[in-house]
Amino acid sequence: MPISNYDSSLAPKGKQVVGFVFVMDSNKSEKSVIKNAYDTIYRALPSIEKHVVMQHEQITIPEKAAVTINGKFADIQTPIKNLYIAGTDTDNRSMGITRASYSIIEMLGALNKDGNLH
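My numbering puts the sequence shown at residues 3 to 120.
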């Protein structure tokens, strides 16, 4: 999934953030599953490997992931002075690492607005 197609500011100019999803075999180690995932990607798209600038793995249990329907997400700025939070439960746009990225962008904006960034 080309995540930065939703918001080009999530990737450096001229680059893309791309996400791949795999189902884990609970009988195998995380390390071997991750290795197999990259091997699969590079076998399917051999030319992609030379363009990889950063890799990130995220392992979640879908039924335990933050899912909200008509619920409330925590705010970036807490009631405690100078305490800010970020992550997948603080911004309802998109999902996974993209959702976390949006929360970081919002947190940086709040830090800047409050004069705590510079």
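Even for Gly, the Cβ is constructed at its ideal location relative to N, Cα and C.
Where the alpha helix (DSSP H) containing residue i begins and where it ends
i	result
Leu47	Element bounds for Leu47: n/a, residue is neither H nor E.
Asn94	Unbroken run through Asn94: none, as it is neither H nor E.
Residues near residue i by beta carbon distance below 6 Å, same chain, minus five either side
i	result
Arg95	Tyr104
Arg101	Thr90, Asp93
Glu51	Tyr44
Reference residue i; option with closest CA among the options
i	options	result
Met97	Gln79, Gly21, Glu108, Gly117	Gly21
Val23	Asn118, Glu59, Ile107	Glu59
Thr80	Ser31, Lys17, Gln57, Glu108	Glu108
Met56	Asp116, Gly117, Leu110, Leu12	Leu12
Ser117	Ile99, Ala88, Ser31, Asn84	Per the sequence shown, the amino acid found at residue 117 is Gly instead of Ser. Nearest option by C-alpha distance: Asn84.
Pro14	Asn114, Leu119, Phe75, Val54	Val54
Residue environment, residue i, which counts as buried when at least 16 other CB atoms sit within 10 Å
i	result
Thr62	exposed
Val19	buried
Ala46	exposed
Thr70	In this prediction, Thr70 has a pLDDT of 49, which is less than 50 and means its spatial position is unreliable; nothing more can be read from the coordinates.
Ser10	exposed
Chain-order list of residues whose beta-carbon lies under 7 Å from that of residue i (same chain, five-residue window excluded)
i	result
Ala112	Ile78, Gln79, Tyr86
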